[in-house]
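Trainee: This is the structure I have questions about; it appears just below.
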Amino acid sequence: MIVPRVRGSITKKEWSARYDQINDFEKMLSENGTVILKFMLHISRDEQKRRLIERLTDETKNWKFRTGDLDDRAQWDDFTKAYEGALSHTSTEQAPWYIVPADDNDVRDWLIARTIADALEKLDLKYPPADPSVLNLHFE
């Protein structure tokens, strides 16, 4: 809903309703035992510029570049406002957003992995008990 919002192809009423739909869906998932982890990978304006230049100058990355990237970059402030709105309206107790600085891939990966590991630890998972009928089986 970010791109349609910035480009004006949906109305405020439509994207506001989508926030409610997202929250309702995630609430239902959470109430049914699903752990929701949402990550917003944030790169700085300078890093985005560096990556766009690299896509143009490194022939192995040319395929990643599209001219629309420059149009989107020109609307940085509009995209930032749209992201802030989406994140603030859809970050809930059962489904919070984790905003991850992503200029450095190693730092980004560590932060995400740590968040996932912490969430798994909180689940206090245990192996299920064995079926008693198989505990007395003997193999020769």
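Position in the sequence shown (from 1) plus 1 gives the number in my numbering. We treat Cβ as the ideally placed atom computed from N, Cα and C, and that holds for glycine. Treat the numbers as computed from the prediction; the structure is a model and nothing was measured.
What three-state label does DSSP hand lysine 62 in the structure shown?
Mentor: In this structure, lysine 62 counts as coil in the three-state DSSP scheme.
Trainee: Would you mind listing the beta strand (DSSP E) stretches within the segment 94 to 118 that are 3+ residues and don't spill past its ends, in chain order?
Mentor: Segments of the beta strand (DSSP E) lying fully in the segment 94 to 118: 98 to 102.
Trainee: Below 8 Å between beta carbons: does that hold for alanine 96 and methionine 2?
Mentor: Cβ atoms of alanine 96 and methionine 2: not closer than 8 Å.
Trainee: Ordered along the chain, which non-local residues of its own chain (more than five positions away) have a Cβ less than 8 Å from that of tryptophan 98?
Mentor: Around tryptophan 98: Lys39, Phe40, Met41, Leu88, Thr91, Ser92.
Trainee: Per the DSSP calculation, leucine 42 is bridged to which residue(s)?
Mentor: DSSP, once it has assigned bridges, lists Val101 as partnering leucine 42.
Trainee: On the DSSP letters alone, give me the boundaries of the alpha helix (DSSP H) that arginine 19 sits inside.
Mentor: It spans 13 to 32 - the alpha helix (DSSP H) in which arginine 19 sits, taken as one unbroken run.
Trainee: Return the first residue and the last residue of the alpha helix (DSSP H) that glutamate 85 is part of.
Mentor: Start and end: 77 to 91.
Trainee: Hey, could you find the ends of the alpha helix (DSSP H) isoleucine 37 is sitting in?
Mentor: That residue, isoleucine 37, is in no alpha helix (DSSP H); it is neither H nor E in DSSP.
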